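In the working numbering, the protein residues as written are -1 to 395. Idealized CB from N, CA, C, for every residue including glycine. Since the structure is predicted, the reported quantities are computational estimates derived from the model, not experimental observations. Worksheet: the structure to be examined is printed underneath.
And the structure:
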């Protein structure tokens, strides 16, 4: 192994531009920033003990907006690239709140604490909450595609804690108790898998896991002699990155083009976009449901290889008929809709990719204020290990 010393030079004036983002008499803490540059944080007047409020400052603005104004504590904000903010508020006990489209919605309303909310760039939210039965921690999920339902992902006598969620709605968490370990929930299959036993004796525990939008999960854990980094990848087909234009699709649009960019970032072994068999590329699913008539690219699609996001990784550009896509998503109505792309590589291996677009109807309200019901989509006492996960139980109202 070759080691190289990096010369940092003398410590002096930084080239970074540092600015003060808040200007008021509040005590500010827990800032978060999204990829757009929006900021969110919690703050309280210096004279008040326990009444934090939530603030948001859009990118490019010098003015922060206070989005909560109540007599209880609002803490732990998280922000996605849509500008949605989620946090926990001490309204009797801790509940989960969402700010989206200028409207604040209380997602939970019960006599049990709900903590540690996380939000993806598609608006899916996960958190840990007491279930009121065994009184242990369970994992819950909210999706803007089904605003009237809160899904209870776990239902067991184990403390399921600190979930992380990706843009596909996949969740990973760490559990303590009789079934200690790292677990993952795959939204597409509604399957829970156990990835690790989390404890190895001698006080050695796995860390909290994180997940990316390809469903890959990483954590550090004990290998018998020291802590090492572990990576878990979902089974089956190659998962690619997919980006759609437009990202917001109006059902009233008369436009003709719907463009997809496909690549295979971070895969091992490396796969190039040029290895895609263009004859096999199709839009295969919308809203999690398979299409009877899969949507083929336009005859005019030239399958151009580009680097549209300037990240050094080449994508294949594929054009579809926008009106065909509108016809496929129209039965689902307005909201966040998953669109899946499938096909084969020249080697014969299959690939699938999914991303989410926002579907609007110019005559409809963009926000559904209906109060959510809890639906348990799993009832699990024991979960099989990785790649042999148990199919979830039937939905309960």
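Give the range of the alpha helix (DSSP H) segment to which residue 326 is assigned.
-> Within the chain shown, numbered from 1, the residue matching residue 326 stands at position 328. Residues 320 to 327.
Taking contact to mean at least 3 C-beta pairs separated by less than 8 Å, is the segment 113 to 129 in contact with the segment 75 to 82?
-> With contact defined as three or more Cβ pairs closer than 8 Å, the segment 113 to 129 and the segment 75 to 82 are in contact.
When we look at the beta-carbon of residue 21 and count the other beta-carbons within 10 Å, is it buried (16 or more) or exposed?
-> The residue labelled residue 21 in the question sits at position 23 within the chain shown. Counting C-beta atoms within 10 angstroms of its own C-beta, residue 21 has fewer than 16 neighbours from the protein chains shown and is therefore classed as exposed.
Alpha-carbon spacing of residue 19 relative to residue 64, whole angstroms = As a first step, residue 19 is located in the chain shown; it is residue number 21 there, counting from the start. As a first step, residue 64 is located in the chain shown; it is residue number 66 there, counting from the start. If you take the alpha carbons of residue 19 and residue 64, they lie about 13 Å apart.
Leaving out five residues on either side along the sequence, give the residues of the same chain with a beta carbon under 6 Å from the beta carbon of residue 365.
-> Counting from one through the chain shown, the residue named residue 365 turns up at place 367. Unreliable placement is indicated for residue 365, whose pLDDT of 35 sits below 50; the coordinate value is still reported in the next sentence. Result list for residue 365: 99, 101, in chain order.
Touch check for the segment 326 to 339 and the segment 129 to 145: three-plus C-beta pairs under 8 Å?
-> yes
What residue range is occupied by the uninterrupted beta strand (DSSP E) comprising residue 302?
-> For this step, residue 302 is matched to residue 304 along the chain shown. Boundaries of the beta strand (DSSP E) around residue 302: 302 to 304.
Just how far apart, CA to CA, sit residue 274 and residue 301?
-> Stepping through the chain shown from its first residue, residue 274 is reached at position 276. Stepping through the chain shown from its first residue, residue 301 is reached at position 303. Computed Cα separation, rounded: 10 Å.
Give the straight-line distance between the Cα atoms of residue 206 and residue 252, rounded to the nearest whole angstrom.
-> Taking the first residue of the chain shown as position 1, residue 206 is located at position 208. Taking the first residue of the chain shown as position 1, residue 252 is located at position 254. Straight-line Cα distance between these residues: approximately 47 Å.
Delimiting residues of the beta strand (DSSP E) encompassing residue 42 | Along the chain shown, read from residue 1 onward, the residue named residue 42 stands at position 44. Run containing residue 42: 37 to 43, per the beta strand (DSSP E) assignment.
Strand pairing of residue 276, partner residues [DSSP] = Counted from its first residue, the chain shown places residue 276 at position 278. Residue 276 is not bridged to any residue.
Are there three or more Cβ pairs, one per stretch, closer than 8 Å when the segment 340 to 360 is compared with the segment 243 to 258?
-> yes
DSSP bridge partner residues for residue 128 (one or two, in chain order) = What you label residue 128 is simply residue 130 of the chain shown in a count that begins at 1. DSSP, once it has assigned bridges, lists 135 as partnering residue 128.
Using the DSSP secondary-structure output, state which residues sit across from residue 351 in a beta bridge.
-> Locating residue 351 in the chain shown gives position 353, where the first residue counts as 1. Residue 351 pairs with 339.
So what's residue 173 in DSSP terms, helix, strand or just coil?
-> As a first step, residue 173 is located in the chain shown; it is residue number 175 there, counting from the start. Residue state, collapsed to three classes: strand.
How would you label residue 299, buried or exposed, when you count the other beta carbons within 10 angstroms and need 16 or more for buried?
-> To locate residue 299, count along the chain shown from 1; it is residue 301. Buried is the call here.
For residue 214: DSSP bridge partner residues = Within the chain shown, the letter at position 216 stands for residue 214. DSSP lists no partner for residue 214.
Skipping 5 residues on each side, what residues in its chain have a beta carbon closer than 6 Å to that of residue 57?
-> As a working note, residue 57 is residue 59 in the chain shown. Spatial neighbours of residue 57 in its own chain (CB-CB distance under 6 Å, excluding positions within 5 residues in sequence) are listed in chain order as 34, 35, 36.
Is there a Cβ from chain D that is less than 7 Å from the Cβ of residue 52?
-> Going by chain labels, chain D is absent from the structure shown, which holds only one protein chain.
Do you know how far the Cα of residue 272 is from the Cα of residue 94?
-> As a first step, residue 94 is located in the chain shown; it is residue number 96 there, counting from the start. As a first step, residue 272 is located in the chain shown; it is residue number 274 there, counting from the start. The straight-line gap from Cα to Cα measures roughly 45 Å.
Label residue 61 either buried or exposed according to how many other C-beta atoms from any shown protein chain fall within 10 Å of its C-beta, with 16 as the threshold for buried.
-> If you number the chain shown from 1, residue 61 lands on position 63. Exposed is the call here.
Could you give the C-beta distance for residue 258 and residue 339, rounded to a whole number, given that I count them as a contact under 8 Å?
-> For the purposes of this step, residue 258 is taken as the residue at position 260 of the chain shown. For the purposes of this step, residue 339 is taken as the residue at position 341 of the chain shown. Yes, they are in contact, since the Cβ atoms of residue 258 and residue 339 sit about 6 Å apart, within 8 Å.
Comparing alpha-carbon positions, which option in 51, 262, 196, 110 lies nearest residue 176?
-> As a working mapping, residue 176 is identified with position 178 in the chain shown. Checked all of 51, 262, 196, 110; the closest Cα to residue 176 is 196.
Local Cβ density within 10 Å of residue 43, reported as buried at 16 or more and exposed below that | Position 45 of the chain shown, counting from 1, holds the residue named residue 43. Answer is exposed; the Cβ neighbour count stays below 16.
Please state whether DSSP places residue 330 in a helix, a strand or coil.
-> Counting from 1 along the chain shown, the entry for residue 330 is found at position 332. Of the three classes helix, strand and coil, the one that applies to residue 330 here is helix, per DSSP.
Please classify residue 225: is it buried, with 16 or more other beta-carbons within 10 angstroms of its beta-carbon, or exposed?
-> Here residue 225 is taken as the residue at index 227 of the chain shown, counted from 1. Classification for residue 225: exposed.
Exposed unless 16 or more other CB atoms sit within 10 angstroms - verdict on residue 25 = As a working note, residue 25 is residue 27 in the chain shown. Residue 25 is exposed by the Cβ-count criterion.
Distance, residue 279 Cα to residue 348 Cα | Here residue 348 refers to the residue found at position 350 of the chain shown. Here residue 279 refers to the residue found at position 281 of the chain shown. Distance between the alpha carbons of residue 348 and residue 279: 10 Å.
For residue 396, which residues of its own chain have a beta-carbon under 6 Å away from its beta-carbon, when the five flanking residues on both sides are left out?
-> One cannot answer for residue 396 here, as it falls past the ends of the chain, which runs -1 to 395.
What is the residue span of the beta strand (DSSP E) that residue 232 lies within?
-> To locate residue 232, count along the chain shown from 1; it is residue 234. Note, residue 232: premise wrong, no beta strand (DSSP E); not H, not E.
Could you spell out where the beta strand (DSSP E) holding residue 145 opens and where it closes?
-> As a working mapping, residue 145 is identified with position 147 in the chain shown. Careful: residue 145 lies outside any beta strand (DSSP E) and carries neither H nor E.
In whole angstroms, what separates the C-alpha of residue 104 from that of residue 111?
-> Along the chain shown, one-based indexing puts residue 104 at 106. Along the chain shown, one-based indexing puts residue 111 at 113. One alpha carbon belongs to residue 104, the other to residue 111, and they sit about 13 Å apart.
Which first and last residues belong to the beta strand (DSSP E) in which residue 292 is found?
-> The count along the chain shown starts at 1 and reaches residue 292 at position 294. 287 to 293 is the span of the beta strand (DSSP E), which, as asked, contains residue 292.
Could you please give the first and the last residue of the uninterrupted beta strand (DSSP E) stretch that includes residue 247?
-> For the purposes of this step, residue 247 is taken as the residue at position 249 of the chain shown. It spans 246 to 248 - the beta strand (DSSP E) in which residue 247 sits, taken as one unbroken run.
Out of 54, 106, 89, 108, point me to the one whose CA is closest to residue 83's CA.
-> Here the question's residue 83 lines up with position 85 in the chain shown. Measuring from the Cα of residue 83, the nearest candidate turns out to be 54.
CA-CA distance, residue 262 and residue 45?
-> Here residue 262 is taken as the residue at index 264 of the chain shown, counted from 1. Here residue 45 is taken as the residue at index 47 of the chain shown, counted from 1. Approximately 53 Å, taken between the alpha carbons.
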